[in-house]
Structure formats: structure tokens, C-alpha cells
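This report concerns only the one structure given below.
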Amino acid sequence: MPSALSTGEMPISPAGVDFLLTPATLSTAPRLDDLEQNVESWSQDQLLVPASLAGLPAMVVPVKCPKPTAAKPWPVGVQIIGQWGAEPMLFHLGSCSSRLGHEQPQRMPTP
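Going by numbering that gives the first Met the number 0, the sequence shown wraps up at 110, each residue one higher than the last.
Encoded structure:
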């Protein structure tokens with residue numbers, strides 16, 4: 000079923016908005032032994048549903064947890080939602096965003 004964006008019923012590009020950056024989940028990833036039932040694991044995905052239902056391209060990339068602790072050492076996921084038809088830009092932004100907060104390898108000096 001086509002979405003309103005793909006049928007032209009809505010403007011494709013609201014002025015000044017290229018991408019939306021949202022949390023991917025409500026918390027960091029749980030440990031497997033902390034999951035009590037499947038309903039709890041489904042609730043982790045609820046922030047991903049709106050973009051999917053709207054037919055917008057979206058991707059989730061891990062970023063380093065700002066304050067890791069022994070209890071929560073896991074990275075957090077960030078969802079990047081793009082405009083309809085903006086997949087190439089979304090992939091480029093996702094590639095750049097996946098390096099946020101991670102140490103980059105040192106480059107060898109050019110001779």
C-alpha cells in the first residue's frame with residue numbers, strides 16, 4: 000500500500016529538514032538473562048515503527064554510550080530517518096554516524 004509521501008499527497012521535503020535523528024530504543028541492550036518475556040523485547044522496537052509505517056528510509060547505527068558503567072556497558076543505537084528517496088544520503092550519513100564516539104585508528108604519516 001503506497002504511503003502519502005510516495006503518492007505525492009504530502010510535500011516530500013519540509014523546508015530545512017534533511018534527516019531526523021532519534022533514539023532507536025528506550026534503553027541500552029538488555030542482557031539475555033534479564034529478558035523476562037517476549038513482550039518486553041518487542042517494546043524495545045517501538046521507536047522504529049513510525050518511520051517504517053510512513054515508508055521513510057531509516058537505519059540504526061550504534062554509537063558509544065556516553066557514560067558506560069559496569070551495569071550498562073553497551074553502546075546505544077541511534078535511528079536516522081531520511082526523506083523519501085534519500086537513501087544514498089542516508090547511507091553516507093549512517094557511515095559517518097557509526098563512527099561517533101569511537102576512537103579512530105591512527106593514520107600512518109604520509110612520506
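From the three backbone atoms N, C-alpha and C, an ideal C-beta is built for every residue, glycine too.
Among the residues of its own chain, which have a CB less than 6 Å from the CB of residue i, if the five just before and after it don't count?
i            : result
aspartate 17 : none
Can you list, in chain order, the residues of its chain whose CB lies under 7 Å from that of residue i, leaving out five sequence neighbours each side?
i            : result
threonine 21 : Leu46, Gln78, Ile80
glycine 93   : Met58, Val60, Ile79
What does the alpha-carbon distance come out to for the pair residue i and residue j?
i          : j             : result
valine 60  : alanine 53    : 20 Å
valine 62  : glutamate 86  : 20 Å
proline 49 : alanine 23    : 11 Å
glycine 15 : tryptophan 83 : 15 Å
proline 57 : leucine 89    : Note on residue identity: the sequence assigns alanine, not proline, to residue 57. Those two C-alpha atoms are separated by around 7 Å.
What are the partner residues of residue i, as DSSP defines its beta bridges?
i          : result
proline 57 : What sits at residue 57 in the sequence shown is alanine, not proline. Paired residue(s): Ile80.
valine 48  : Beta-bridge pairing links valine 48 to no other residue.
Could you tell me the boundaries of the beta strand (DSSP E) in which residue i lies?
i          : result
leucine 19 : 18-22
Relative to the alpha-carbon of residue i, which residue among the options has its alpha-carbon at the smallest distance?
i            : options                    : result
threonine 27 : Gly93, Leu19, Asp44, Gly76 : Gly76
leucine 55   : Asp44, Leu25, Leu19        : Leu19
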